[in-house]
Amino acid sequence: MKITRQELTSNGKKEFFEELHFTKDDYKDNQLLIDIKSLNFKIESNCISDLIMMKFFLKGDLILKSTRSLKPVDYKLNVKDEIIYTLNKDLVDEESIFYLENDEIITEPIAYSLLISSLPLQVLAKDEEDIIEGDDWEVITEDEYKKRKNDSSSSPFACLKDIDLE
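Numbered according to the working numbering, the sequence shown terminates at residue 166, and the numbering increases by one at each position without gaps.
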């Protein structure tokens, strides 16, 4: 969808809604994303003087790969973001205010960027949430490791501290 400068700068708040349809070719380079069941993009804009404040809401149902077993996992996406555009080049800030080029905003690249940047680093199926372990080994968190390291009773030499060698 393209939102024109005229649509954005008219007085009052505006809402735009789009149901997005990305093809598998669009996200083929992403190793985590298997499929997009549904993806809805809502935009709220408000123009005040030379600033256009835009709030983006991206909601969808995705299928991601489990980072442990690579099994498909259903994932609900709910992302909110805000970007400020300006019509005045003097107000452009390198980090937070962007100039509205070409007098329009194309929504698909914004939605895709939000989608990809919001995917979690770790995805686990419901049956994979337990800590994995085997014979004489287990996977523990860093906090658990530090706790065990500081706990001297878990050391195999802990019983020697009570021996009187004199």
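Using N, Cα and C, we set each Cβ at its ideal position, and we do this for glycine too. Every value quoted in this text rests on a predicted model; they were computed, and no experiment measured them.
Name the DSSP beta bridge partners of P156, please?
-> Position 156 of the sequence shown, counting from 1, holds the residue named residue 156. None; P156 has no bridge partner.
Coil, strand or helix - I163 by DSSP | Taking the first residue of the sequence shown as position 1, residue 163 is located at position 163. Correct three-state label for I163: coil.
Any idea which residues DSSP pairs Y145 with across the strands?
-> Counting from 1 along the sequence shown, the entry for residue 145 is found at position 145. Bridge pairing for Y145: absent [DSSP].
Which residue or residues does DSSP assign as beta-bridge partners of M1?
-> Numbered from 1 along the sequence shown, position 1 holds the residue referred to as residue 1. According to DSSP, M1 shares a beta bridge with no other residue.
Shortest alpha-carbon distance to K126 belongs to which of Y112, T67, D93, S117?
-> Residue 126 sits at position 126 when you count from the first residue of the sequence shown. The shortest C-alpha to C-alpha distance from K126 to any of Y112, T67, D93, S117 is the one to T67.
Across which residues does DSSP place Y85 in a beta bridge pair?
-> For the purposes of this step, residue 85 is taken as residue 85 along the sequence shown, with counting starting at 1. In DSSP, Y85 forms a bridge with I52, F98.
Could you tell me which residues DSSP pairs with L20 in its beta bridges?
-> Looking up residue 20 in the sequence shown gives position 20. Answer by DSSP bridge pairing: none, since L20 is not bridged.
Three-state secondary structure assigned by DSSP to I132 | Numbered from its first residue, the sequence shown carries residue 132 at position 132. Residue state, collapsed to three classes: coil.
Quick one: using the 10 Å Cβ neighbour count with 16 as the cut-off for buried, is C47 buried or exposed?
-> Numbered from its first residue, the sequence shown carries residue 47 at position 47. With 16 or more Cβ atoms within 10 Å of its Cβ, C47 is classed as buried.
Which of helix, strand or coil DSSP assigns to K28 = For the purposes of this step, residue 28 is identified with residue 28 of the sequence shown, where counting begins at 1. Here K28 sits in coil by DSSP.
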